[in-house]
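Taken in order, these protein sequences are the chains called A and B.
Read in order, the letters of the first sequence correspond to residues 1 to 88 in our numbering.
Read in order, the letters of the second sequence correspond to residues 101 to 188 in our numbering.
Heads up, the beta-carbon is just placed ideally off N, CA and C, and yes, glycines get one too.
Number of protein chains: 2
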Amino acid sequence: MNLIPELIGYLAATLTTASFLPQAIKTFKTRDTESLSLGMYSMFTLGVLLWLIYGIYLVNVAIIVANAITFLLAAAILGFKIHNLLRK
Amino acid sequence: MNLIPELIGYLAATLTTASFLPQAIKTFKTRDTESLSLGMYSMFTLGVLLWLIYGIYLVNVAIIVANAITFLLAAAILGFKIHNLLRK
């Protein structure tokens with residue numbers, strides 16, 4: 001078994017999942033969502049929710065955990081965006 | 101073979117990949133990247149590049165195509181963010 005592609009896959013998954021953490025922290029701190037796209041966060045949050053359902057179907061813990069975390073982060077950012085749009 | 105989880109997986113992949121298109125369009129139009137996180141786009145762009153390399157290793161066309169598109173979109177957004185930070 002070649003470990004290199006597996007390691008690259010795990011590193012890729014960790015980076016793309018964890019990347020929403022600095023965005024969520026920035027959005028929580030500044031409350032600024034002006035340059036964030038509503039379309040992006042709507043599609044992304046729904047997509048990650050479907051990934052989560054897919055992981056539950058497959059009973060795949062890695063897919064479930066990664067997407068549960070990303071869903072919470074993306075949904076929080078989307079919530080801030082919608083809140084700011086409604087305040088206008 | 102149960103088609104429902106496969107369909108959910110494809111829909112999830114399509115949504116999370118395509119979601120970066122409205123963000124890229126918004127960023128191109130407004131040139132505003134103030135509320136975008138540099139940390140997020142740095143980690144995400146590198147992560148998607150690793151997904152692309154992983155897909156090439158596996159010779160998996162779906163992983164290659166989805167991540168090649170997302171890489172271009174995320175790298176363009178990251179480029180705008182860095183450009184705006186350097187201009188300050």
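- Of all C-beta pairs linking the region 107 to 123 of chain B to the region 44 to 56 of chain A, three or more are shorter than 8 Å, placing the two stretches in contact.
- Counting only the Cα atoms, Asn102 of chain B lies some 45 Å from Glu134 of chain B.
- Contact residues of the region 145 to 156 of chain B toward chain A are Leu146, Gly147, Val148, Leu150, Trp151, Ile153 and Tyr154 (C-beta to C-beta distance below 7 Å).
- Counted as a single uninterrupted DSSP element, the alpha helix (DSSP H) harbouring Glu106 of chain B occupies residues Leu103 to Ala118.
- If you check the CB distance, Ile77 of chain A and Tyr41 of chain A come in under 8 Å.
- The Cβ neighbour count for Asn60 of chain A, taken over all protein chains shown within 10 Å, is under 16; the residue is labelled exposed.
- The Cβ atoms of Ile8 of chain A and Ile153 of chain B sit closer than 8 Å to each other.
- Cβ-Cβ distances below 8 Å link Tyr157 of chain B to nothing in the same chain once the five nearest sequence neighbours on each side are left out.
- Per DSSP, the unbroken alpha helix (DSSP H) holding Lys81 of chain A starts and ends at Val61 to Arg87.
- According to the DSSP assignment, Thr145 of chain B belongs to the alpha helix (DSSP H) that extends over Leu138 to Leu158.
- Taking 8 Å as the threshold, the shortest C-beta distance from Ile108 of chain B to chain A falls below it.
- For Leu72 of chain A, no Cβ of chain B is located within less than 8 Å of the residue's own Cβ.
- In its chain, beyond the 5 residues on either side, Leu73, Ala76 and Ile77 have a beta carbon closer than 7 Å to the beta carbon of Ala24 of chain A.
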